[in-house]
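The structure appears right after this line, and notes come after that.
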Amino acid sequence: MKRYLPFIIVAAVALLTVGAAAMLYNSKRKSSSALAASSPAQTEESSKSATAHVRGAADAPVTLEEFGDFQCPPCGQMAGPLRQIEKEYGKKLRVIFYNFPFDIHQHARAAAYAAEAAGLQGHFWEMHDLLYREQAAWSNAPDAERLFESYATMLGLDIGRFRQDVQSEAVKQRVTADQQLGASRGVKNTPTIFVNKHQLPPTSLGGSGVRQAIDHALAQIPQR
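Here the numbering used here is used: the first residue of the sequence shown is 6, the next is one more, and so on.
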């Protein structure tokens, strides 16, 4: 028996090693399966929700999405009424803004970059409101970028970082992603507004038309 004892010990160690390797393999496979279970669609949706420019309660029953161009006159005219509508509906409404600049507007893309750069410092909506409020001033300025920097200073932003971010690929890609999303949803003009995923016709792009769409959406929600 003593003669075979070393062989028995070696065999036992080998079995233990094989068993441990099998357990490790199964553990890794389960881990990989769990990662695969998070589908690309879920990951993409989480990414969008994490980066979307949203104003309003997260659990609001109505969501208004706007695809806008900061130099577009009709968008500028809608900015005030939309802000008033936000205040009127309060926690019942949340608003999401997507950039959709047109190349026919000389400074529209630069304005979108300025808004996104401000967003990287937590002040997207302040720059959004300021760009629309001052649209007449910068739209015809020979050096709109200098005005955008003055707005960034007014908002208390780190101007050095703002200048870098305006030129960054991350900001440019964000604006491009918004445009691609809009194109995939049939956006051709600005402003284009969706209320709970339903696109409003051009005839409803006024304060009263948007209110009617919101009221209609609220009426479709089951009462608790």
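All residues carry an ideal CB built from backbone N, CA and C; glycine is no exception.
Residues in its own chain within less than 8 Å of residue i by CB, not counting five upstream and five downstream?
i     : result
Glu91 : Arg60, Gly61, Leu98 and Val100
Evaluate residue i with the Cβ neighbour count: other Cβ atoms within 10 Å of its Cβ, from every protein chain shown; 16 or more gives buried, anything less gives exposed.
i      : result
Phe107 : exposed
Leu183 : The sequence as given places Asp at residue 183; Leu does not occur at that position. Per the 10 Å Cβ criterion, buried.
Thr208 : exposed
Glu71  : buried
Asp170 : buried
Gly187 : buried
Glu254 : As shown, the chain starts at 6 and ends at 229. That puts residue 254 outside it, with no answer to give.
Ala119 : buried
Going by beta-carbon coordinates alone, are residue i and residue j separated by less than 9 Å?
i      : j      : result
Thr195 : Cys80  : yes
His128 : Gly161 : yes
Gly211 : Pro86  : yes
Gln204 : Gly191 : yes
Ala84  : Asp163 : no
Ala123 : Phe167 : yes
Glu139 : Arg216 : no
Do you know whose CA, among the options, lies nearest residue i's CA?
i      : options                           : result
Ala141 : Gln217, His110, Val176 and Glu93  : His110
Gly73  : Ser144, Glu154, Lys193 and Leu125 : Lys193
Gln172 : Glu154, Glu131, Arg138 and Trp143 : Glu154
Val176 : Gln126, Asp64, Gly95 and Tyr94    : Gln126
Ala63  : Gln82, Gln228, Gly95 and Tyr137   : Gly95
Tyr3   : Arg88, Gln185 and Glu174          : Here the chain comprises residues numbered 6 to 229, so residue 3 is not present and cannot be evaluated.
How about residue i: is its Cβ closer than 8 Å to a heavy atom in the ligand FMN?
i      : result
Ala222 : Although the ligand FMN was asked about, the structure shown includes no ligands whatsoever.
Counting only the same chain and skipping the five closest in sequence on each side, list residues whose C-beta sits under 7 Å from that of residue i.
i      : result
Pro66  : Lys97, Leu223 and Ile226
Val200 : Val67, Leu69, Ala218, Ile219 and Ala222
Leu152 : Ala142, Trp143 and Ala146
Ala57  : Ile101
Would you list the residues sitting across from residue i in a DSSP beta bridge?
i      : result
Tyr103 : Phe72
Thr197 : Phe72
Val67  : Leu98
His58  : Phe102
Gln204 : Phe199
If you drop the 5 nearest sequence neighbours on each side, which residues of the same chain put their C-beta closer than 6 Å to that of residue i?
i      : result
His112 : Gln76 and Ala149
Asn104 : Ala117, Val180 and Asp183
Lys202 : none
Tyr156 : Leu135
Ile198 : Glu71 and Leu205
Glu131 : Leu160
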